[in-house]
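Chemist: Please see the structure below; I have some questions.
2 protein chains.
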Amino acid sequence: MTQPIIAFLGTGLMGAPMVRNLLTAGHQVQVWNRTATKAQPLAAHGAIIQPTAGQAVEGAGIIISMMADGGATSQVMCGDTVISTLRKGQIWIEMASVKPDEARAQAAFLKQHQVPHLDAPVSGGTAGAESATLAIMVGGDSAIFDKAAPVLRCLGTPTRVGPSGTGQLAKLANQGIVGITIGAVAEAMLLLQKGGADPAAVRLALKGGFADSTILQLHGARMTDNDLTARGRAATQLKDMNNIMEEAEKLSLTLPMSAEIQTRFAVLCNEMGDADLDHAALYLELLKRN
Amino acid sequence: MTQPIIAFLGTGLMGAPMVRNLLTAGHQVQVWNRTATKAQPLAAHGAIIQPTAGQAVEGAGIIISMMADGGATSQVMCGDTVISTLRKGQIWIEMASVKPDEARAQAAFLKQHQVPHLDAPVSGGTAGAESATLAIMVGGDSAIFDKAAPVLRCLGTPTRVGPSGTGQLAKLANQGIVGITIGAVAEAMLLLQKGGADPAAVRLALKGGFADSTILQLHGARMTDNDLTARGRAATQLKDMNNIMEEAEKLSLTLPMSAEIQTRFAVLCNEMGDADLDHAALYLELLKRN
Numbered sequence: 001m002t003q004p005i006i007a008f009l010g011t012g013l014m015g016a017p018m019v020r021n022l023l024t025a026g027h028q029v030q031v032w033n034r035t036a037t038k039a040q041p042l043a044a045h046g047a048i049i050q051p052t053a054g055q056a057v058e059g060a061g062i063i064i065s066m067m068a069d070g071g072a073t074s075q076v077m078c079g080d081t082v083i084s085t086l087r088k089g090q091i092w093i094e095m096a097s098v099k100p101d102e103a104r105a106q107a108a109f110l111k112q113h114q115v116p117h118l119d120a121p122v123s124g125g126t127a128g129a130e131s132a133t134l135a136i137m138v139g140g141d142s143a144i145f146d147k148a149a150p151v152l153r154c155l156g157t158p159t160r161v162g163p164s165g166t167g168q169l170a171k172l173a174n175q176g177i178v179g180i181t182i183g184a185v186a187e188a189m190l191l192l193q194k195g196g197a198d199p200a201a202v203r204l205a206l207k208g209g210f211a212d213s214t215i216l217q218l219h220g221a222r223m224t225d226n227d228l229t230a231r232g233r234a235a236t237q238l239k240d241m242n243n244i245m246e247e248a249e250k251l252s253l254t255l256p257m258s259a260e261i262q263t264r265f266a267v268l269c270n271e272m273g274d275a276d277l278d279h280a281a282l283y284l285e286l287l288k289r290n
Numbered sequence: 291m292t293q294p295i296i297a298f299l300g301t302g303l304m305g306a307p308m309v310r311n312l313l314t315a316g317h318q319v320q321v322w323n324r325t326a327t328k329a330q331p332l333a334a335h336g337a338i339i340q341p342t343a344g345q346a347v348e349g350a351g352i353i354i355s356m357m358a359d360g361g362a363t364s365q366v367m368c369g370d371t372v373i374s375t376l377r378k379g380q381i382w383i384e385m386a387s388v389k390p391d392e393a394r395a396q397a398a399f400l401k402q403h404q405v406p407h408l409d410a411p412v413s414g415g416t417a418g419a420e421s422a423t424l425a426i427m428v429g430g431d432s433a434i435f436d437k438a439a440p441v442l443r444c445l446g447t448p449t450r451v452g453p454s455g456t457g458q459l460a461k462l463a464n465q466g467i468v469g470i471t472i473g474a475v476a477e478a479m480l481l482l483q484k485g486g487a488d489p490a491a492v493r494l495a496l497k498g499g500f501a502d503s504t505i506l507q508l509h510g511a512r513m514t515d516n517d518l519t520a521r522g523r524a525a526t527q528l529k530d531m532n533n534i535m536e537e538a539e540k541l542s543l544t545l546p547m548s549a550e551i552q553t554r555f556a557v558l559c560n561e562m563g564d565a566d567l568d569h570a571a572l573y574l575e576l577l578k579r580n
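Quick note, the sequences are listed as chains A and B, same order.
Residue numbering for the first sequence follows the working numbering, starting at 1 and increasing by one per position.
Residue numbering for the second sequence follows the working numbering, starting at 291 and increasing by one per position.
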């Protein structure tokens, strides 16, 4: 069985290593990026660089979009060069983190062109993209998931979590847990410091127990070492919390801790001016109260 | 070098397997329990059962207390049979979870008798006690920790986290993170369920990522499977949250998420009558709001 040709739209920090992994797995990859020069280095790895998104999409079995946000994807998806090349049987996979509603709107739009759609946002950052170990949360039809899964496995571990839009919902759930856990760890670190314990020793002691998490070990250390250079920006965490609350409102859900963390990240980013620090900087907002 | 004789006071669900591990490591263990019949089975493993706490303490190099709470320990520690047998050079290790202030008061009392004290509460439950893999958070003098560490290593992994009382503070930090993380996971599970995603698939997808934790995997499943038989009681979680807030007040600290979780566990236990369910039952309190 021949491997499908991949169209890959958006070769930024995440997209570029993902393209390399698809090439390594033996796929032909037709690449397009808004700023063409950024895609150019991928040619040395065997990618075919195309001057328009439409030309990248032409003849591809699977189209992967990995652009800045849902708006950027929609603009390209609904643009003339792409619409005129889309053909029945292609599969479009949105791997950027967009709102669940945007993902569902993409799916509805593509359905008119008989192109099925999956939303498949990822977790794991650039390190996960490089090492092809991304956690991939997939929403969409299960038969389409089965067809696309071999391609996604070149990038990490895909898991179907439900119908269209639920991949994005899973990503939001992920981000919400991360935000609240940062809040939990901040309070623990402050309690330990003010109470005279050594937070680094406590993090070590708690390793492997019920309270342990990557957030406790990594973000906890960032807090007490005052090492708040952004690995994940506070502004991005705020955007995620805003999206969670927007989704909760649509579902008429009361989520008290998510709401509180949203408010506090807004204070950190907008009032304290720390939007560009790491999301562990929520610790500074807690310190300001104390 | 001969191994020190251990006095072990309190042979309940946690204490009994800890005594067995000390015996396995070759220690002579002199055991006392308020209800003597409960200690009796340990005789078959080689423990010497004593009718009074004082007789258990007599001649021991290290005294370990593992009773219900700080009040129970104090009563035995200050009782006639123990005071009259305490001698200089013995080390007392409080391994029960008690308040930091209670631990410090124990240390001050024993200092009068020239008996140094460590507070060394544990995390890991009966499974950790059985397998000698308890996380042991130790507060107290570092030279005394070094002397006691070989004995504690028969029970798990001891880490010194600071001066007297800080072992208990670390345990509170642990419990606070657990309580808040349960709150975070509850909101994520509800969002996923109402949004049409499969929570079990999402938990699988998030494994190993930034949002992952034992709480996500275990307590998340308890929530969406409605499997709320107590492994950790909601009432105990409330007691822990109360102790955290009491400690925070003494240190003049504002801990907003801990405060909110305390209030909500109080509603769950006192208004909803679910004190005897698992602490994952905080999900029911969230459902009630929705």
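Note that beta-carbon positions come from the ideal geometry of N, C-alpha and C, so glycine has one too.
Please read these numbers as outputs of a predicted model, since none were measured by experiment.
1) Compute the beta-carbon to beta-carbon distance between A/A186 and A/L282, rounded to the nearest angstrom, for a pair I have assumed lies under 8 Å.
2) Please confirm if the region 482 to 490 of chain B is in contact with the region 502 to 516 of chain B, defined as three or more CB-CB distances below 8 Å between the two stretches.
3) Chain B partners of A/F145, CB-CB under 8 Å?
4) The region 376 to 405 of chain B: which residues have C-beta closer than 9 Å to a C-beta of chain A, in chain order?
5) Could you list the residues in the region 548 to 560 of chain B with a C-beta less than 9 Å from some C-beta on chain A, going in chain order?
6) Which runs of the alpha helix (DSSP H) spanning at least 4 residues fall entirely within the region 26 to 82 of chain A, listed in chain order?
7) Output the boundary residues of the beta strand (DSSP E) element that contains A/F8.
8) Mind pulling the chain A residues with CB within less than 7 Å of B/D488?
9) Should A/L293 be labelled buried (16 or more other beta-carbon atoms within 10 Å of its own) or exposed?
10) Go ahead and pull the three-state DSSP assignment for A/M256.
11) Please go through the region 101 to 178 of chain A and give each complete beta strand (DSSP E) segment of 3 or more residues, from N-terminal end onward.
12) Would you mind listing the alpha helix (DSSP H) stretches within the region 499 to 567 of chain B that are 4+ residues and don't spill past its ends, in chain order?
13) Opposite B/E384 in the DSSP bridges: which residues?
14) Using a Cβ-Cβ cut-off of less than 9 Å, give me the residues of the region 167 to 190 of chain A that come near chain B, in sequence order.
15) Within the chosen definition, does the region 65 to 77 of chain A reach the region 87 to 104 of chain A through at least 3 CB pairs nearer than 8 Å?
16) Say the cut is 7 Å; is the CB of A/L191 nearer than that to a heavy atom of the ligand COA?
17) Is A/K194 close to chain B, meaning its C-beta is less than 8 Å from at least one C-beta of that chain?
18) Here's a check: name, in chain order, each residue in its chain whose Cβ is nearer than 6 Å to the Cβ of B/I534, leaving out the five neighbours to either side.
19) Assign A/E247 to one of two classes, buried (16 or more other C-beta atoms within 10 Å of its C-beta) or exposed (fewer than that).
20) Going by the CB atoms, is the gap between B/A419 and B/H509 shorter than 8 Å?
21) Excluding sequence positions up to five away, which residues of its chain have a Cβ less than 6 Å from the Cβ of B/V557?
22) With 8 Å as the C-beta to C-beta threshold (strictly closer), list the residues of the region 503 to 519 of chain B near chain A in chain order.
23) Could you have a look at B/A306 and say whether DSSP puts it in helix, strand or coil?
24) Please confirm if B/N580 has its CB atom under 8 Å from at least one CB of chain A.
25) For A/L216, which residues in the same chain have their Cβ closer than 7 Å to its Cβ, ignoring the five residues on either side in sequence?
26) Please list the residues of the region 408 to 423 of chain B that have a C-beta atom closer than 7 Å to any C-beta atom in chain A, keeping them in chain order.
27) Cβ closer than 9 Å: which chain B residues qualify as neighbours of A/M137?
28) Tell me which same chain residues have a C-beta within less than 7 Å of the C-beta of B/T423, skipping the five on either side of it?
29) Under 7 Å between beta-carbons, which chain A residues line up against B/A501? List them in chain order, please.
30) Tell me, please, whether the CB atom of B/A571 is closer than 8 Å to any CB atom in chain A?
31) So, is the C-beta of B/T541 closer than 8 Å to a C-beta in chain A?
32) Please name the residue in A/W32, A/K38, A/Q112, A/I48 whose C-alpha comes closest to that of A/V76.
33) Identify each residue in the region 41 to 67 of chain A for which the Cβ-Cβ distance to at least one residue of chain C is less than 8 Å, and report them in chain order.
34) According to DSSP, is B/R377 helix, strand or coil?
35) How close, in whole Å, do the beta carbons of B/I295 and B/G351 come, if the pair is a contact with beta carbons under 8 Å?
36) With the cut-off set at 8 Å, would you say A/A47 and A/L9 are in Cβ contact?
Modeler: Reading off the structure:
1) Position 186 of the first sequence, counting from 1, holds the residue named residue 186 of chain A. Position 282 of the first sequence, counting from 1, holds the residue named residue 282 of chain A. Their Cβ separation, rounded to whole angstroms, is 6 Å, which keeps A/A186 and A/L282 in contact under 8 Å.
2) Verdict: yes, contact present.
3) If you number the first sequence from 1, residue 145 of chain A lands on position 145. Chain B residues near A/F145: none, gap ~11 Å exceeds 8 Å.
4) Those residues of the region 376 to 405 of chain B that come within reach of chain A (Cβ to Cβ, closer than 9 Å) are P390.
5) Listed in chain order, the positions of the region 548 to 560 of chain B with a beta carbon within less than 9 Å of a beta carbon of chain A are S548, E550, I551, R554.
6) Fully enclosed alpha helix (DSSP H) runs of 4 or longer: 36 to 39, 53 to 57, 70 to 77.
7) On the first sequence, position 8 is the one that residue 8 of chain A refers to. Where A/F8 is concerned, the enclosing beta strand (DSSP E) stretches over 6 to 9.
8) As a first step, residue 488 of chain B must be located in the second sequence, where it is residue number 198. V161, G162, listed in chain order.
9) With chain A represented from 1 up to 290, any question about residue 293 of chain A goes unanswered, as that position is not in the structure.
10) As a working mapping, residue 256 of chain A is identified with position 256 in the first sequence. The amino acid occupying residue 256 of chain A in the given sequence is Pro; Met does not appear at that position. Look at A/P256 here: in three-state DSSP terms it is helix.
11) DSSP runs (the beta strand (DSSP E)) wholly in the region 101 to 178 of chain A: 117 to 119, 134 to 139, 156 to 162.
12) If we require 4 residues or more, the alpha helix (DSSP H) runs fully inside the region 499 to 567 of chain B come out as 510 to 514, 524 to 540, 546 to 556.
13) Taking the first residue of the second sequence as position 1, residue 384 of chain B is located at position 94. Bridge partners of B/E384 according to DSSP: B/S355, B/D409.
14) So the close ones are G167, L169, A170, L172, A173, N174, Q175, G176, I177, V178, G179, I180, T181, G183, A184, V185, A186, E187, A188, M189, L190.
15) They touch, by the three-pair rule.
16) With respect to the ligand COA, the structure shown offers nothing to examine, as it has no ligands at all.
17) Your numbering for residue 194 of chain A matches position 194 in the first sequence. With 8 Å as the cut-off, A/K194 counts as an interface residue toward chain B.
18) Sequence index remark: in the second sequence, residue 534 of chain B carries index 244 (1-based). Same-chain partners within the cutoff: L462, G466, S548.
19) In the first sequence, the residue the question calls residue 247 of chain A occupies position 247. The residue is buried, with at least 16 neighbouring Cβ atoms inside 10 Å.
20) One-based indexing of the second sequence puts residue 509 of chain B at position 219. One-based indexing of the second sequence puts residue 419 of chain B at position 129. For the pair B/H509 and B/A419, the CB atoms are not nearer than the 8 Å cut-off.
21) If you number the second sequence from 1, residue 557 of chain B lands on position 267. Correct list, in chain order: E575.
22) Close to chain A, meaning a Cβ-Cβ distance shorter than 8 Å, are the following residues of the region 503 to 519 of chain B: S503, T504, I505, L506.
23) Taking the second sequence and counting its residues from 1, one reaches residue 306 of chain B at position 16. Residue state for B/A306 is assigned as helix, using DSSP reduced to three classes.
24) Position 290 of the second sequence, counted from the first residue, corresponds to residue 580 of chain B. Closer than 8 Å: yes.
25) The count along the first sequence starts at 1 and reaches residue 216 of chain A at position 216. Short of 7 Å from the beta carbon of A/L216, and not among the five residues preceding or following it, lie these beta carbons of its own chain, in chain order: V185, R203, L206.
26) Closer than 7 Å at the C-beta level to chain A, one finds these residues of the region 408 to 423 of chain B: S413, G414.
27) In the first sequence, counting from the first residue as 1, residue 137 of chain A sits at position 137. Simply A487, A491, V492, A495, L496.
28) In the second sequence, the residue the question calls residue 423 of chain B occupies position 133. Counting only Cβ-Cβ distances below 7 Å, and skipping sequence neighbours, we find G414, G446.
29) As a first step, residue 501 of chain B must be located in the second sequence, where it is residue number 211. Those are N174, I177, V178, listed as they occur along chain A.
30) Counted from its first residue, the second sequence places residue 571 of chain B at position 281. Interface residue (Cβ-Cβ distance to chain A less than 8 Å): B/A571 is not classified as such.
31) By 1-based counting over the second sequence, the position of residue 541 of chain B is 251. It should be noted that the sequence gives Leu, not Thr, for residue 541 of chain B. The beta carbon of B/L541 falls within 8 Å of a beta carbon belonging to chain A, placing the residue at that interface.
32) On the first sequence, residue 76 of chain A is found 76 positions in, with the first residue counted as 1. Closest by alpha carbon: A/W32.
33) Among the protein chains in the structure shown, which are A and B, there is no chain C.
34) Numbered from its first residue, the second sequence carries residue 377 of chain B at position 87. Of the three classes helix, strand and coil, the one that applies to B/R377 here is coil, per DSSP.
35) Residue mapping note: residue 295 of chain B aligns to position 5 of the second sequence, counting from 1. Residue mapping note: residue 351 of chain B aligns to position 61 of the second sequence, counting from 1. Indeed, because the Cβ distance is near 6 Å, the residues count as touching under 8 Å.
36) Translated into the one-based positions of the first sequence, residue 47 of chain A becomes position 47. Translated into the one-based positions of the first sequence, residue 9 of chain A becomes position 9. No.
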